[in-house]
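Beneath this line is the structure, given in structure tokens, with notes to follow.
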Amino acid sequence: DQQVKQNSPSLSVQEGRISILNCDYTNSMFDYFLWYKKYPAEGPTFLISISSIKDKNEDGRFTVFLNKSAKHLSLHIVPSQPGDSAVYFCAASEGDKVIFGPGTSLSVIP
Amino acid sequence: EAGVAQSPRYKIIEKRQSVAFWCNPISGHATLYWYQQILGQGPKLLIQFQNNGVVDDSQLPKDRFSAERLKGVDSTLKIQPAKLEDSAVYLCASSLGLYTDTQYFGPGTRLTVL
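Have a look at this one:
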């Protein structure tokens, strides 16, 4: 039973436009959420996180939104750049356990 | 600052053979994780160490998988005997402490079991 879901396996966006990656979770006890980015043949790298006491966190071109009532979070990338093309993993934690979603492959087209 | 090192990067074995992976975490990181990532899925935690003690190994198939963390630094993950379904990328990660600390991942070892 997947506790963290990313229902879009892939997404294509034109360079300069907004990329929106979505993530849903089922466990209401999750209290911290993270996004990781992964290039081929490399390990995931941390991108941005948000605590459950917030509904928005922004870092440069990256913004994460959290809607606790809907158990939904999203990652916005504005503007999208070709170097953003990668697999993005949503992750959620409860205590010291982190659970990853299956990932969304983002392609930013020049 | 050096990142998390893993070796080998690739390994091909036949089923029922044994294999071992090595991980060297970032210096000073107390927590070390081993993940299994099957194609098309997210990383799944196999085992988590805090220094040289096991914090969580609930998803480690203990009949065939074993792991140790030597002197609270390097770690090895072993599979014996391997099955076809063990084909995956094995990721090692480390963090300063527990809970919400950012995890830093190594490049992974891609295992193919024939």
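Protein chains in written order, with our numbering: chain A, 80 to 189; chain B, 8 to 121.
By construction, the Cβ of each residue, glycine as well, lies at the ideal position given by its N, Cα and C atoms.
- Within the region 57-70 of chain B, Val62, Asp63 place their CB atoms closer than 7 angstroms to a CB of chain A, listed in sequence order.
- Separation of the CB atoms of Leu185/A and Ser130/A is rounded to 24 angstroms, and the pair is thereby denied contact status at 8 angstroms.
- Bridge pairing for Glu75/B: Thr83/B [DSSP].
- Within the region 119-141 of chain A, the residues whose Cβ lies closer than 9 angstroms to any Cβ of chain B are, in chain order, Ala120, Glu121, Gly122, Pro123, Thr124, Phe125, Ser128, Ser130.
- Chain B places a beta carbon closer than 8 angstroms to that of Asp175/A, counting this residue as a contact.
- Fewer than three beta-carbon pairs drawn from the region 27-41 of chain B and the region 115-128 of chain A are found closer than 8 angstroms, and the two stretches are therefore not classed as touching.
- Residue contact check for Thr116/B against chain A: no CB pair falls below 8 angstroms.
- Cβ contact annotation for Phe112/A (same chain, cutoff 6 angstroms, sequence separation greater than five): Ile129, Leu152, Ala171, in chain order.
- Only those residues of the region 145-170 of chain A whose C-beta falls short of 7 angstroms from the nearest C-beta of chain B are listed: Phe168.
- Counting only Cβ-Cβ distances below 7 angstroms, Phe179/A has contacts in chain B at Gly49, Pro50, in chain order.
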